[in-house]
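See below for the structure under consideration.
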């Protein structure tokens with residue numbers, strides 16, 4: 001089986017962007033018992049913002065197209081193949097999809113894609129392990145210099161966010177990581193705790209026993225109230241007070257003193 005070739009574009013004598021010729025050959029689809037007439041499948045090829053479609057085959061689970069499709073790719077492009085079933089009165093139904101890395105195809109063919117036939121497993125878009133058939137394509141028309149590919153591959157790896165440098169490309173994350181205190185920058189202070197970067201905020205405890213709280217001072221006893229002393233002018237006669245066994249009110253004492261003074265004035 002032969003595929004018509006397309007001349008690749010070149011940059012500085014080496015191929016980096018090229019017109020890749022894809023010949024969509026055939027497919028074998030899992031039969032659906034609900035559809036008695038079978039699907040009307042066609043293939044969509046998508047890569048780097050481009051989308052190309054084949055013609056449809058009517059009512060078959062084993063379509064054969066043998067239709068060429070040309071796309072512009074780089075050695076690191078990813079080809080996405082989708083097999084659709086054409087519907088007349090509603091939206092087309094996705095039967096299966098498959099992906100193909102151009103770089104892996106180049107590596108397995110000595111950096112030259114020339115009439116390379118690939119059989120790809122088709123799976124559902126929800127579960128990649130659910131195989132619903134296979135798709136056969138033929139790739140042709142791309143050749144890359146091994147040294148140029150190795151240099152470009154190394155640049156792609158270094159440009160990744162989680163590359164060998166180990167630093168995040170996010171400046172906010174990097175700043176927060178640089179300003180965060182480390183264990184080595186913690187300084188001991190006399191109160192048994194440590195602060196970060198010399199600031200007064202507590203960071204880590206040394207694990208020693210916490211100082212006990214000092215005992216509370218004893219409250220002084222309440223003052224003892226003094227007993228009221230009787231005035232000698234109000235109660236001149238102590239013998240009358242001693243005769244009473246109970247409490248003598250100040251009013252009674254004053255009345256008795258007044259009577260005593262009246263008797264004294266008569267005398």
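Numbering (full-length UniProt numbering), first residue to last: 1 to 267.
Where a beta carbon is used, it is the ideal one built from N, C-alpha and C, also for glycine.
Report all residues from its chain with a CB closer than 6 Å to the CB of residue 335; omit the five preceding and five following residues, and keep chain order. Coverage of the chain is limited to positions 1 through 267, which leaves residue 335 absent and any answer about it impossible.
Start and end residues, alpha helix (DSSP H) containing residue 158: 146–158
List the DSSP bridge partners of residue 99. 80
Of the choices 107, 43 and 55, whose alpha-carbon is the least far from that of residue 134? 43
Evaluate contact between the segment 113–122 and the segment 61–78, counting only Cβ atoms and requiring at least three cross-stretch pairs below 8 Å. no
Between residue 83 and residue 122, which are expected to be in contact by the criterion C-beta below 8 Å, what is the C-beta distance as a whole number of angstroms? 6 Å
Determine the DSSP secondary structure at residue 104, reduced to helix, strand or coil. helix
How many angstroms separate the CA atom of residue 66 from the CA atom of residue 119? 14 Å
For residue 41, collect the residues of the same chain with a Cβ closer than 8 Å to its Cβ; drop the 5 residues on either side in sequence, then sort them by chain order. 27, 29, 56, 57, 60, 63, 83, 84, 85, 86 and 95
With DSSP as the reference, identify every bridge partner of residue 41, one or two as the case may be. 85
Distance, Cα to Cα, residue 150 vs residue 131? 34 Å
For residue 142, collect the residues of the same chain with a Cβ closer than 6 Å to its Cβ; drop the 5 residues on either side in sequence, then sort them by chain order. 8, 18, 20 and 113
If you count every other CB in all the chains shown that lies within 10 Å of the CB of residue 106, and 16 or more means buried, which is it? buried
Per DSSP, residue 69 is paired with what? 22
Three-way DSSP call (helix, strand, coil) for residue 49 in this model: coil
Strictly by DSSP, which residues pair up with residue 141? Paired residues: none, contrary to the question.
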